[in-house]
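Going down the list, the sequences are from chains E and C. Counting in my numbering, the final residue of the first sequence is number 296, and the numbers go up one at a time with none missing. Counting in my numbering, the final residue of the second sequence is number 351, and the numbers go up one at a time with none missing. Think of the CB as a built atom: it goes at the ideal place given N, C-alpha and C, for glycine as much as any other residue. Everything numeric in this text was worked out from a predicted model, so none of it was measured.
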Amino acid sequence: MGTAEFSESALASLLDDRSRYLRKLIITALEGGGRGHIGSSMSPIDAIRVLYDEILNVRPNDPQWPDRDRFILSKGHGCLALYAVLADLGFFSADELTRFCRKGSFLGGHPEKGKVPGVEASTGALGHGLSIGVGMALAARIRDLNHRVVVMMGDGEINEGSVWEAAMSASKYGLNNLTVMVDYNKIQSYGFTDQVQPLEPLADKWRAFGFEVVEVNGHDLADLRATLKSLPFASDRPSAIICHTIKGKGIPYAENDPAWHHKSHLSDDQIEDLYDCLGGR
Amino acid sequence: MRKTCLNMVYELAKRDDRVVFIGSDLGPGVLDEMKREMPGRWFMEGVAEQNIIGMAAGLAMEGFIPYVNTIATFLTRRCYEQVALDLCLHNLPVRLIANGGGLVYAPLGPTHLAIEDMSIMRSLPNMTVVAPTDADEMARLMNVSLDVPGPVYIRLGKGGDPVVSRDDDGFEIGSSILLRPPGTVLIVATGVMVNRALQAADHLVGQGIECGVLNMHTVKPLDHHRLSTYSAGVKLVVTVEEHTIVGGLGSAVAESLIDRRTIDTPIILRLGIPDVFSHEYGSQDSLLESYGLQSQGIAASITEAIASGFR
């Protein structure tokens with residue numbers, strides 16, 4: 016953390032139209048549900064966008080297609096980012112976003128497999144996704160199938176010991192079909208990660224656990240694209256991508272402010288202001 | 041019982057290529073033949089129960105049927121959230137084979153006693169909880185285990201327990217087996233306590249007390265139908281379990297009978313381990329003796345209940 020390459024100013028890139036549009040879908044859900052993990056969804060959405068637009072082999076009209084690549088959003092509270100991308104790609108209607116968290120909707124505050132088309136695992140309790148991903152990657156290996164498994168975790172999430180149990184397991188089997196992505200926005204619920212539970216040296220930790228590691232600017236589409244297209248980073252071990260991001264990215268007053276981890280009871284004016292930050296409705 | 045169970049995993053794996061085995065850090069040589077013949081479907085994952093359950097879930101999501109084996113305490117308490125969410129919420133066909141249910145690890149102290157496992161497993165939606173009474177019943181259970189759509193918790197005894205189950209009775213998950221017809225009393229027992237319940241019934245017959253025995257090998261889903269049927273007309277239903285009195289078989293039976301109560305619903309006596317951590321070492325048998333759960337103690341509790349007018 017703190018290298019010039021991934022400093023706050025380096026991550027302060029401008030968003031393109033599509034990244035702003037997807038963020039507006041997040042606000043649509045936030046408005047509809049009256050709540051949501053806005054900061055936690057704004058940080059990973061550019062990486063999730065590039066994954067689904069250009070990397071993952073998926074079929075929106077056939078979410079259970081057996082040969083698809085598997086993406087697990089282990090930081091389930093960041094689901095608004097995933098919902099926005101899945102809705103935009105046509106896994107389900109974007110209208111559903113307006114019913115987020117409401118009775119009768121299939122879009123809850125954490126994503127559920129079997130309810131949300133395209134969601135591979137029900138997550139929300141942290142530290143579960145990587146073990147599930149290890150199981151999926153082993154399954155593909157046993158059956159000699161070529162699809163890939165990508166697991167995205169939050170930085171606070173990797174406080175969980177289960178993550179490191181799973182990392183050891185992934186390394187033991189040299190799962191080159193498994194990729195970990197860490198949404199490293201440097202803020203967890205209470206505050207800054209370096210104060211709550213310091214993670215540095217984070218890249219070295221993953222290397223020590225047997226992963227080939229690349230660090231990227233998690234808002235730089237070209238950097239994300241080039242990195243993701245070069246997967247797997249090694250043929251004999253799993254890959255890890257540390258995505259340096261800004262929590263709340265795209266909403267200037269929410270950026271890097273722990274108070275925007277989750278928001279509820281936003282007024283109509285506040286909602287309008289969020290849209291305005293992204294160029295208006 | 042454990043040996044039978046693990047041998048059956050190998051047999052099932054030969055029969056069905058969806059079967060995989062995952063152990064934690066088990067003793068040397070476990071399922072060596074399976075490891076040799078199908079190394080890709082045999083896993084030893086180390087002391088990492090949370091990861092083991094999540095990994096089993098991932099394999100099951102992809103169509104495999106993982107049989108997971110470690111000590112009961114660590115398979116239930118250590119990874120409870122993974123069991124609840126990864127297995128039960130997703131309703132996946134993962135089988136948890138729990139070594140040393142109850143007081144088996146008596147010499148090792150309270151860290152290794154699984155006395156609340158059935159309670160905490162039973163409270164999870166979609167979970168099936170089975171405690172076979174002997175090795176033969178274990179084999180029958182394993183034979184039908186492939187077809188259960190959701191997760192199954194299988195509680196193992198120490199091994200070498202007397203065989204009291206009968207091949208003629210067959211085995212179906214959720215179907216209890218009447219081993220002795222009800223009289224004044226019906227004992228409902230699970231796991232290795234079935235054998236002790238039968239012996240207690242023998243003692244009681246000698247005292248002129250007719251006592252039935254129902255083998256409730258499946259604690260969840262409970263066999264409400266047979267329980268209600270065989271309880272009708274008895275004065276006392278006695279539950280016997282090698283498990284805390286909180287939330288296990290006794291609680292399940294009491295809930296069932298209360299939910300279906302009539303003016304003739306019998307009195308219920310729950311025999312089990314009191315709501316305390318064990319402070320003794322010794323053997324499984326010596327602890328069962330201390331808790332009044334050997335056949336003599338069970339019979340004594342029943343005669344006392346009858347002598348006191350079921351108060």
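Give me whichever residues DSSP pairs with Val280 of chain C in a beta bridge.
C:Ala229, C:Leu311
How about the segment 77 to 87 of chain E and the segment 29 to 39 of chain E: do they share at least three Cβ pairs that are nearer than 8 Å?
no
Assigned secondary structure, Ala269 of chain E (DSSP; H/G/I helix, E/B strand, else coil)
The answer is coil: DSSP assigns Ala269 of chain E none of H, G, I, E or B.
Could you check what DSSP says for Asp13 of chain E in three-state terms: helix, strand or coil?
An answer regarding residue 13 of chain E cannot be provided, because it is not within the stretch 16 to 296 covered by chain E.
Looking at Leu196 of chain C: is its Cβ nearer than 8 Å to the Cβ of Gly140 of chain C?
Yes. Within cutoff.
Going along chain C in order, which residues have a C-beta closer than 8 Å to the C-beta of Met151 of chain E?
Gly98, Leu99, Met101, Glu102
Backbone secondary structure at Met16 of chain E - three-state DSSP:
Bear in mind that the predicted position of Met16 of chain E carries a pLDDT of just 47, short of 50, making it too unreliable to give a figure here.
Buried or exposed for Leu244 of chain C, going by 16 or more other Cβ atoms inside 10 Å?
buried
Give me whichever residues DSSP pairs with Asn139 of chain C in a beta bridge.
Under DSSP, Asn139 of chain C forms a beta bridge with C:Ile111.
Say whether chain E places a C-beta atom closer than 8 Å to the C-beta of Gly80 of chain C.
yes
By a C-beta neighbour count over all protein chains shown, 10 Å radius and 16 as the cutoff for buried, is Ala27 of chain E buried or exposed?
exposed
So Lys128 of chain E contacts chain C; which residues on that side make the cut at Cβ distance below 9 Å?
Met101, Leu129, His130
Taking beta-carbon pairs under 9 Å, can you tell me which members of the segment 134 to 148 of chain E lie near chain C?
Glu135, Ala136, Ser137, Thr138, Gly139, Ala140, Gly142, His143, Gly144, Leu145, Ser146, Ile147, Gly148
Would you say Gly252 of chain C lies against chain E (beta-carbon separation less than 8 Å)?
No, Gly252 of chain C does not count as interfacial toward chain E.
Among C:Asn91, C:Ala100, C:Ser159, which has the Cα closest to the Cα of Ala171 of chain C?
C:Ser159
Would Glu89 of chain C and Cys45 of chain C be called neighbours here (beta carbons separated by less than 8 Å)?
With respect to Cys45 of chain C, Glu89 of chain C sits apart: the two C-beta atoms are not nearer than 8 Å.
Given a cut-off of 8 Å, decide if Arg162 of chain C and Ala347 of chain C are closer than it, judged by their beta-carbon atoms.
Their beta carbons are not under 8 Å apart, which means Ala347 of chain C does not touch Arg162 of chain C by this criterion.
For chain E, is any of its Cβ atoms less than 8 Å away from the one on Asp65 of chain C?
no
Are the segment 265 to 281 of chain C and the segment 199 to 218 of chain C touching by the rule of at least three beta carbon pairs closer than 8 Å?
Short answer: they touch.
Which of helix, strand or coil DSSP assigns to Leu46 of chain C:
helix
What is the DSSP secondary structure of Ser146 of chain E, reduced to helix, strand or coil?
helix
Please compile the residues from chain C whose C-beta is within a distance smaller than 7 Å of the C-beta of Glu180 of chain E.
Ala88, Gln90, Asn91
Among E:Gly169, E:Gly171, E:Leu190, which one has its Cα closest to the Cα of His162 of chain E?
E:Leu190
When the Cα atoms are used, what is the spatial distance from Phe83 of chain C to Ile227 of chain C?
Straight through space, the alpha carbons of Ile227 of chain C and Phe83 of chain C are spaced by roughly 41 Å.
Should Gly17 of chain E be labelled buried (16 or more other beta-carbon atoms within 10 Å of its own) or exposed?
Note that Gly17 of chain E scores a pLDDT of 49, beneath 50, so its modelled location is shaky; the value from the coordinates is reported in the next line. Burial check for Gly17 of chain E: the Cβ neighbour count within 10 Å stays below 16, so the residue is exposed.
8 Å Cβ cutoff, Met125 of chain C in contact with chain E
For the sequence presented, residue 125 of chain C should be read as Leu rather than Met. Yes - at least one Cβ of chain E is within 8 Å of the one on Leu125 of chain C.
Rank E:Gly49, E:Val149, E:Ala140, E:His277 by C-alpha distance to the C-alpha of Arg252 of chain E and give the top, closest one.
E:Val149
For Met168 of chain E, report the span of its beta strand (DSSP E) as first-last.
164 to 169
Any beta carbon of chain C sitting closer than 8 Å to that of Ile173 of chain E?
no
If you draw a straight line from the C-alpha of Gly233 of chain E to the C-alpha of Asp32 of chain E, how long is it?
Roughly 17 Å separates the two Cα atoms.
Which runs of the alpha helix (DSSP H) at least 4 residues long sit entirely within the segment 66 to 113 of chain E? Give them in chain order.
94 to 104
What are the boundary residues of the beta strand (DSSP E) that includes Thr194 of chain E?
193 to 199
Is Glu212 of chain C helix, strand or coil by DSSP?
Coil.
Using alpha carbons as the reference points, say which of C:His257, C:Val225, C:Thr230, C:Thr258 lies closest to Asp242 of chain C.
C:Val225
Strictly below 9 Å CB to CB, what residues from chain E border Met74 of chain C?
Within chain E, no residue comes near Met74 of chain C; the closest Cβ sits about 14 Å away, beyond 9 Å.
Listed from N- to C-terminal order along the chain, which residues in the segment 220 to 248 of chain E have their beta-carbon within a distance smaller than 8 Å of any beta-carbon of chain C?
none
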